[in-house]
Amino acid sequence: MSEEVEIQGCDSRRGNSRRGGSCRDDLVRLLNKIKDTSEEVTIIIQSGEGCCEITGCICEIDECFVVLIDSNHVCVRSYILLDKICAIVHPAKGCKHRPRD
1 MSEEVEIQGC DSRRGNSRRG GSCRDDLVRL LNKIKDTSEE VTIIIQSGEG CCEITGCICE
61 IDECFVVLID SNHVCVRSYI LLDKICAIVH PAKGCKHRPR D
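Oh and the sequence shown: position 37 is 37 in full-length UniProt numbering, straight run, nothing missing.
So this is what it looks like as structure tokens:
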């Protein structure tokens, strides 16, 4: 079952968490947790006046970007600015859990 994950306790207008850290720190922790599952994720990003969905497996997270590898594992990489992420759907819609190697 897919569900949208929202960072709780975050004041999006200021980028601060009510717990004392930053929303970016909370987002990076969440992305790392999802990365550890090796499951596909759909990241919804702000794109111009609308939104765009990108689905894949998280392969890298740094201070500015999360990098997804496409679902077919043909090494097409999508670099997504953390500041543009609107929502995260995990596991990705229609994704069947694959056993870890």
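Idealized CB from N, CA, C, for every residue including glycine.
Assigned secondary structure, residue i (DSSP; H/G/I helix, E/B strand, else coil)
{"i": "Gly9", "result": "In this predicted model, Gly9 has a pLDDT of only 46, less than 50, meaning its place in the structure is not dependable enough to derive any value."}
{"i": "Asp70", "result": "strand"}
{"i": "Val41", "result": "strand"}
{"i": "Cys86", "result": "strand"}
Anticipated Cβ contact below 8 Å, residue i with residue j, distance rounded
{"i": "residue 179", "j": "Gln46", "result": "The requested residue 179 is not part of the displayed model; the chain covers only 1 to 101."}
{"i": "Cys59", "j": "Ser38", "result": "In fact, because the Cβ distance is near 10 Å, the residues do not count as touching under 8 Å."}
{"i": "Val66", "j": "Leu31", "result": "5 Å"}
Distance, residue j Cα to residue i Cα
{"i": "Glu40", "j": "Cys23", "result": "22 Å"}
{"i": "Cys64", "j": "Ser71", "result": "22 Å"}
{"i": "Ile88", "j": "Asp62", "result": "17 Å"}
{"i": "Thr55", "j": "Val74", "result": "13 Å"}
{"i": "Ile69", "j": "Glu53", "result": "14 Å"}
Top-ranked residue by Cα proximity to residue i, from the options
{"i": "Ser78", "options": "Ile44, Leu27, Leu30", "result": "Ile44"}
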